[in-house]
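Taking it in order: structure first as structure tokens, then the write-up.
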Amino acid sequence: MVLLCGGCGSSSVKTAGAPAEPTTEPPPSMPKIAIVYYSTYGHVKTMADMVKAGVEEAGCEATLLQVPETLPAEVLEKMGAPPKPDVAVADPHTLPEFDGFLFGTPTRFGMASAQMKSFMDATGGLWMKGALVGKPAGIFFSTGSQGGGQETTALTFVTQFAHHGLIFVPIGYSNPKLMDMGEIHGGSPYGAGCLAGPDGSRMPSDLEKDVAKHQGTYFAGVVKKLAAGAA
Ligand SMILES: Cc1cc2nc3c(=O)[nH]c(=O)nc-3n(C[C@H](O)[C@H](O)[C@H](O)COP(=O)(O)O)c2cc1C
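Pasting the structure below:
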């Protein structure tokens, strides 16, 4: 006779007259989060590293991906851009493997960079199949100046989420440092942000990095809740 432990959450199987043989279920797989970013001068990359640390601290798998560069090398040289870091280049075909997405972009004329938009334009096949529908997504950003487009970059990027059926996960004021009036900083309820300065010489401050890490942790928590609900 086989006794199944219905409803108790255990998969132990008992056979009458024989000692219990606990079967080990595979541990639930960690939700996978892709951090897809573009960075010319490294500010968004620094923020992406912090976001990644936050995602991992919250117990999710984080994969850093940089979108393909679209500018010719000679233009990048004239812009004073450093060489790209050793980070895997994002491929739209792999996106369905992930449970959630955090996109990072510098602001260009108040909105996402053309490199990021070009990558999103390459996701048309996924859009046609509805491959990303119902998955959570967030955004973080960098501007040269205050008022240079922190919120407009996030808000104009929400159209990408809407068309893909991605669920926008803003951070609200879940990190009180966003309210800090004691120092200049980027970031908003829409996502973590940094201020690069007009000449790009200002790297993300401790406060901005803290909010970026928080965004990773907060977002991972939402992804885990959604994954648990779907199980
Ligand atoms: C073509 C161009 C347009 C830009 N437009 C804006 C802008 O609208 N607002 C702003 O604050 N900064 C603007 N910037 C500054 C960038 O946002 C800044 O270089 C970036 O945040 C640095 O991030 P990164 O080091 O990751 O590339 C612009 C820079 C370039 C090259």
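Here the sequence shown stands for residues 1 to 231, where the numbers follow full-length UniProt numbering.
The beta-carbon is built from N, C-alpha and C at its ideal position, and this holds for glycine as well.
Per DSSP, residue i forms a beta bridge with which residues?
i, result
"I33", "A62, G100"
Would you call the CB atoms of residue i and residue j closer than 7 Å?
i, j, result
"A114", "V36", "no"
"T94", "G148", "no"
"A196", "A212", "no"
"residue 241", "F98", "With the chain represented from 1 up to 231, any question about residue 241 goes unanswered, as that position is not in the structure."
"G186", "E151", "no"
"A58", "A220", "yes"
"A81", "T40", "yes"
"T156", "M111", "yes"
"P96", "A131", "yes"
"F119", "V67", "yes"
"G42", "G216", "no"
Kindly indicate the opening and closing residues of the alpha helix (DSSP H) around residue i.
i, result
"G130", "It is not in any alpha helix (DSSP H) - G130 carries neither H nor E in the DSSP assignment."
"F161", "150 to 164"
"T46", "43 to 57"
"T40", "It is not in any alpha helix (DSSP H) - T40 carries neither H nor E in the DSSP assignment."
"S118", "114 to 121"
"A81", "Counting along the chain, A81 falls outside any alpha helix (DSSP H), and DSSP gives it neither H nor E."
"Y173", "Note, Y173: premise wrong, no alpha helix (DSSP H); not H, not E."
"E208", "206 to 230"
Among the candidates the options, whose CA atom is the shortest distance from the CA of residue i?
i, options, result
"S188", "D199, G172, A196, P198", "G172"
"A45", "P198, C194, H185", "The sequence shown places Lys at residue 45, rather than the Ala named in the question. With distances taken between Cα atoms, K45 lies closest to C194."
"G200", "A131, M79, D121", "M79"
"D210", "N175, K135, F101, M111", "N175"
"L64", "G100, V169, L76", "G100"
"Y190", "P170, K32, R202", "P170"
"L102", "I167, D206, K84", "I167"
"W127", "D121, D206, H164", "H164"
For residue i, count neighbouring Cβ atoms within 10 angstroms of its own Cβ and tell me buried if that reaches 16, exposed if not.
i, result
"V223", "buried"
"S142", "buried"
"I139", "buried"
"Q146", "exposed"
"M179", "exposed"
"T159", "exposed"
"D49", "buried"
"A73", "exposed"
"L4", "Note on L4: pLDDT 38, under 50, position unreliable in the model; the coordinate value appears next. By the 10 Å Cβ count, L4 comes out exposed."
"G124", "exposed"
"V133", "exposed"
"K52", "buried"
"P92", "buried"
"K117", "buried"
"G181", "According to the sequence as given, residue 181 is Met; it is not Gly. Exposed."
"K129", "exposed"
"A228", "exposed"
"A62", "buried"
Quick one: give me the first and last residue of the beta strand (DSSP E) that residue i is part of.
i, result
"L195", "193 to 195"
"A88", "That residue, A88, is in no beta strand (DSSP E); it is neither H nor E in DSSP."
"A137", "136 to 143"
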